[in-house]
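Notes follow once the structure below has been shown.
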Amino acid sequence: MCDMHLLKRAELKTMQSFRLGSIFGFEIRVDLSWFIIFFLILWTLTAGLFPENYPGLSTATYIAMGVVGTLLFFASLVAHELSHSLVARAKGIPVEGITLFVFGGISKTRMDAESPGDEFQIAGIGPLVSLVLAALFGLIWWWGRTAEWTVAIIGVVRYLAAINLALAIFNLLPGFPLDGGRLFRSIVWKVTGSLKKATRVASWGGKLLSYLIIAFGVVQLFGGNLLGGLWLILIGWFLNNAAEMGYQQLLIQSSLEGVRARELMTPHPETVPPDLSLQTLVDEYFLRRRYQAFPVIQDDHPVGIITLNQVKETPREEWKVRTVENTMKPARDSVIVRPDEKMTQVLQKMEESGARRVLVTQNSHLVGIITANDVASWLRRRRDLEER
Ligand SMILES: [Zn+2]
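My numbering puts the first residue of the sequence shown at 7, with every later residue one more than the last.
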């Protein structure tokens with residue numbers, strides 16, 4: 007079970023999640039994959055751990071213990087994530103909410119910490135909360151044993167102490183993007199003064215850790231622990247991906263640092279009028295040019311974007327009667343930026359809206375267009391030049 011706070015929104019796009027509620031203004035969401043782990047834990051507790059450790063109780067008791075244990079475990083996980091979110095918000099970092107998924111929880115934020123000190127505190131609070139919870143449940147367990155509470159309650163409390171301790175220890179492992187990896191990164195960042203260097207080192211840590219977890223999983227698998235082994239391999243694989251993505255994302259961010267929209271845009275893009283029929287658009291524009299989309303201009307102002315995909319989605323027999331205007335994505339639903347806007351911001355807007363292209367306007371006149379491909383090829387060229 008791990009948690010990877012501060013993963014960026016883009017990485018979570020594919021997740022199918024629904025809203026559970028909100029605490030302190032943070033939206034708590036549950037990903038569909040979360041149900042797998044929920045029932046896996048419920049089953050492990052009800053049919054395995056509790057009957058083995060506390061024999062002689064009724065099936066109903068084991069089920070009740072399992073349900074309470076599982077729910078409180080997830081409450082502990084939410085408390086861990088909430089602590090990250092609260093500290094992040096206190097440091098001025100906008101937090102979108104918390105999502106629980108198959109590998110644990112994620113606090114989604116819109117940006118990274120601005121200083122190593124902030125990052126240290128944001129990352130450190132999570133394991134600290136888990137440790138405090140472990141100590142708290144440990145105390146209750148000790149108290150319950152002394153006061154001779156029923157074994158059903160003592161069993162659940164003991165499990166919660168152990169699982170919170172495990173959560174704290176696992177998250178303190180020094181592999182980015184685990185909390186421990188972030189603590190490690192913030193220290194290297196503080197010492198070297200370079201976030202890029204620190205992220206590189208911490209990502210190596212994350213990858214090394216992921217290979218160790220996978221190797222351990224394989225050993226478990228061949229040792230007969232099929233489920234545990236597979237589970238470790240999956241976690242290791244996920245961690246490996248996350249470590250790589252975190253580093254790539256930082257490379258992009260740092261390459262775009264100080265770059266403005268005007269430097270990356272294609273200036274004076276070819277445009278189309280709104281009253282054009284789709285048939286003419288296809289014949290005169292899409293088949294004769296290499297572009298996948300055109301800005302639509304009326305009276306010298308951009309009113310929308312028409313893409314090849316939108317045309318493809320329109321039945322062919324309607325191409326002669328339908329116009330660009332009633333097929334295009336209107337400008338008000340499109341991403342529009344100024345020429346002097348920072349590229350890091352432009353990219354963030356593109357990620358948030360899922361837009362593949364943005365219009366660049368000045369005084370409501372179109373001056374350029376930026377596509378996702380433009381950004382990618384610009385980054386490639388820049389990396390090429392740096393490697394020489
Ligand atoms: Zn955490």
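Ideal placement from N, C-alpha and C gives every residue a C-beta, glycine not left out.
These figures come from a predicted structure and were not determined experimentally.
Quick one: what's residue i bridged to in DSSP?
i	result
F107	G110
F32	I29
V115	Reading off the sequence shown, one finds Thr at residue 115, where the question assumed Val. Answer is V101.
D380	In DSSP, D380 forms no bridge with anything.
R266	K348
I219	Partner(s): none; I219 has no beta bridge.
P180	In DSSP, P180 forms no bridge with anything.
V225	In the DSSP output, where bridge partners are listed per residue, V225 has none listed.
I342	L365
D37	S23
As a quick exercise: from the options, pick the residue whose alpha carbon is nearest that of residue i.
i	options	result
L353	V327, K326, T329, A382	A382
I303	S370, L26, L88, E87	S370
Q312	D306, T320, D305	One detail in the question is off: residue 312 reads as Ile in this sequence, not Gln. Considering only alpha carbons, the answer is T320.
I43	W237, L215, Q127	W237
L55	G132, L166, A81	L166
V288	K326, L106, V73, M251	K326
R35	N59, P301, M71, S113	S113
D305	L256, V278, E290	V278
R388	S260, I342, R294	S260
K213	L48, G252, S64, V317	G252
L51	A158, A141, N379	A158
A378	R386, R362, T367	R362
I128	L92, R268, K355	L92
V163	V73, P133, T205	V73
S28	F107, E102, V343, G123	E102
G111	K203, V366, I375, L184	L184
D124	I193, V373, L178, A70	I193
F32	V366, R95, E263	R95
D281	W49, H307, R328	R328
I219	Q368, M334, L179, G360	L179
Would you say the beta carbon of residue i is closer than 7 Å to some non-hydrogen atom of ligand 1?
i	result
D124	no
D118	no
N177	yes
L37	Looking at the sequence provided, one finds Asp at residue 37 rather than Leu. Result no, Cβ not under 7 Å from ligand 1.
G132	yes
H90	yes
H86	yes
D185	yes
Could you check where the beta strand (DSSP E) with residue i kicks off and where it finishes?
i	result
L26	23–29
T367	363–368
G374	371–377
List the endpoints of the continuous alpha helix (DSSP H) containing residue i.
i	result
I169	157–177
R191	185–198
S82	65–96
P133	122–152
N59	56–59
L46	40–49
**Study point:** Minimum length 3: unbroken beta strand (DSSP E) runs contained in the segment 272–334
**Key:** List check, beta strand (DSSP E) in window: 299–304, 307–313.
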